[in-house]
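Residue numbers (our numbering), protein chains in the order written: chain A, 103 to 428; chain B, 103 to 428.
Here it is as structure tokens:
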């Protein structure tokens, strides 16, 4: 048995826990440390030692890959390049508009120090990106659609919770069947945001709050809800905890096009996830394996999942993959 | 504009035509020659020059990638390594049991001559393999299913046409919805061949032939039909030509598993193809682009699609992929 890949987990929220779970389950990896900004004594892991994030540098020689599981995009823009100076890294940076800038920052930090940093892994960006690229490469004449859900959107939940009078709430993004069918049939070119997804909100209001006003504030909120058909359900905090504490998500990428006049070809990729963070953590763990191997081969700088052969993500040998899964 | 990738097409059946179509449509490739075992004067291409296969060696310096579109597995076992001695190659070798042996033969021929040969590309093996590997890598605790169809299976059609009294015929492989659902729900572990697919045959019988005997011979045929619920429809040659001359196919790969107790995660990939050969040809053309690039970087020997980063299959630059599709 070869030595195990030593994984550091930078940030221990839902995603950090999921990476710990996936790395512990893998036969070729082990989580060796959690970095936190909180008091380490207050962080209860499943056995992985916890240290303050400012002690990260002490772990330079005791970690193979650091998986950045930090919070917001703002945090990551500094934390990603900082970690890449000490370790080879993996993260799930998902602010699409800032990817080129973030890529450049991680690339520079990693190249200067001889590390390799994979940015924006997970499922979107990540596996969905992989499928958008493959669909586009194979069917050059066509259209690509991405549908999200059914599932909980963290960003939209945050937006609900900022409305005055709201105690708690979650939001489900739901793709509309007719739009999925239209995309599949090649009739989706004119689909609007409203035609593609609807939004369902479960909200706990303060006692005595004006529910009509809360509902109006939510459904009319620009960017988040105004462009969608949005339903607001008021429920109790108990119902919220009982029925809406999971983090399901998923979605699909559809590439539809023609290889010759009238010859429709449809390529689709779909995820149905009971737990968005656990699945994302599993993708990050497999990505850590790939980064470890590519770095061993001498690759440095920034990469994305688009730069990684599938075989590098697998714990099986190339021979086994060819004989069993090819 | 960079110089175009010069593509040779070795064999000009349905697949060879499809590769010519895809390479002609690509902005960065051009089909430069077709190799044939037939009389070149009898081969009508869409403009690509045609020469006898025994003149292949004359094209060594005029071709970047040779796409092997030859017929049977038996042909390919000799033709693949032979072509790899002259060119970097791509093929769609699909005899699963012989892949390790074939890989070794192409690997040796290509390494000795400094070429790179991608074997077993297309959709299965090919994109389906990629998804079997990714699903297995990301959800280590789970099960993988491959469903084929609805679509025409060439091998089963050939089997029908060998039955005495059969003039012509085609066979549709049809996945059963209940089995797809069971796989999706994690209840598919005990699915039998009969529960996963059914087979539908459209047969033209000789005049006066004993149709009951033909039907019996088909449905009881071991390996091909005996393990499935098979329906035989007798039709006229005109109906066959009118309604069954297309080559639709497709299918799906499902990986279902758990990342923790009770947390189901479902990964699925699906193709609906109006034309199996045109789609396969499109995958081979994108594969040729990847082989060209990897060979330029100095890679030699045999590879599969599992060894290729997605970005290498795309005609877009890494920067464009990151900003538009990641």
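Ideal placement from N, C-alpha and C gives every residue a C-beta, glycine not left out.
Keep in mind that this is a model prediction, so the values were computed, not measured.
- The secondary-structure analysis by DSSP pairs residue 354 (chain B) across a beta bridge with B:249 and B:372.
- Closest by C-alpha distance to residue 398 (chain B), out of B:229, B:126 and B:218, is B:218.
- The way I'd put it, the segment 368–379 of chain B doesn't touch the segment 389–403 of chain B; fewer than three beta-carbon pairs between them come closer than 8 Å.
- Counting along the chain, residue 270 (chain B) sits inside the beta strand (DSSP E) bounded by residues 268–277.
- Below the 8 Å Cβ cutoff, chain A contributes 424 as neighbours of residue 205 (chain B), in chain order.
- The segment 178–261 of chain B is shown to contain whole alpha helix (DSSP H) runs of 4 or more residues at 201–215 and 229–240, in chain order.
- Around residue 243 (chain B), the same chain offers 359, 360 and 361 as residues with beta carbons nearer than 8 Å, after the five sequence neighbours per side are excluded.
- When 7 Å is used as the limit between beta carbons, residue 385 (chain B) is near these residues of chain A: 240, in chain order.
- Against chain A, a Cβ distance below 7 Å from residue 397 (chain B) picks out nothing, because the smallest value is about 15 Å.
- Put simply, the CB of residue 322 (chain A) is far from chain B, with every gap to its CB atoms at 7 Å or more.
- Fewer than three beta-carbon pairs drawn from the segment 329–346 of chain B and the segment 336–355 of chain A are found closer than 8 Å, and the two stretches are therefore not classed as touching.
- The beta carbons of residue 110 (chain B) and residue 168 (chain B) sit closer together than 7 Å.
- For the pair residue 330 (chain A) and residue 127 (chain A), the Cα-to-Cα distance works out to about 40 Å.
- In terms of beta-carbon proximity, residue 279 (chain A) stays away from the interface with chain B, with every pair separated by 7 Å or more.
- Residue contact with chain A for residue 375 (chain B): present (Cβ-Cβ distance below 7 Å to some residue of chain A).
- Less than 7 Å separates the beta-carbon of residue 195 (chain B) from that of residue 222 (chain B).
- Here the alpha carbons of residue 406 (chain A) and residue 263 (chain A) stand approximately 33 Å from one another.
- Within chain A, 361, 362, 365 and 367 have C-beta atoms less than 8 Å from the C-beta of residue 380 (chain B), given in sequence order.
- Taking the C-beta atoms as reference points, residue 353 (chain A) is found nearer than 7 Å to residue 251 (chain A).
- Annotated three-state conformation of residue 331 (chain A) is strand, per DSSP.
- Sequence-distant partners of residue 334 (chain B) (beyond 5 residues in either direction) whose C-beta falls short of 7 Å from its own C-beta, in its chain, are 303, 305, 317, 320 and 321.
- Taking 8 Å as the upper bound for CB-CB distance, residue 275 (chain A) and residue 259 (chain A) are not in contact here, some 10 Å apart.
- For residue 383 (chain B), the number of other beta carbons within 10 angstroms of its own is at least 16, and it is reported as buried.
- Against chain B, a Cβ distance below 9 Å from residue 406 (chain A) picks out 413, 420, 423, 424 and 428.
- When rounded, the separation of the alpha-carbon atoms in residue 132 (chain B) and residue 186 (chain A) is 42 Å.
- Neighbours of residue 201 (chain A) in chain B, taken as residues at a C-beta separation under 9 Å, are given in chain order as 424, 425 and 428.
- For residue 424 (chain A), the uninterrupted alpha helix (DSSP H) segment begins and ends at 420–426.
- Contacts between residue 417 (chain B) and chain A, judged by CB atoms closer than 8 Å, involve 239 and 242 in chain order.
- Within the same chain, Cβ atoms closer than 8 Å to the Cβ of residue 117 (chain B) are found at 171, 194, 379, 382, 383 and 386, the five residues on either side in sequence being excluded.
- Across the set B:323, B:163 and B:113, the C-alpha of B:163 shows the shortest separation from the C-alpha of residue 188 (chain B).
- Interface residue (Cβ-Cβ distance to chain B less than 7 Å): residue 231 (chain A) is classified as such.
- Within the model, the alpha-carbon separation for residue 181 (chain B) versus residue 166 (chain B) is close to 17 Å.
- Within 10 angstroms of the beta-carbon of residue 307 (chain A) lie 16 or more other beta-carbons, which makes it buried.
- For the segment 115–138 of chain A, residues whose beta-carbon sits nearer than 8 Å to a beta-carbon of chain B comprise 120, 123, 124, 127 and 128.
- At a beta-carbon threshold of 7 Å, none of the residues of chain A lie near residue 249 (chain B); the nearest stands roughly 14 Å away.
- Contact of residue 256 (chain A) with chain B is not assigned, every C-beta pair being separated by 7 Å or more.
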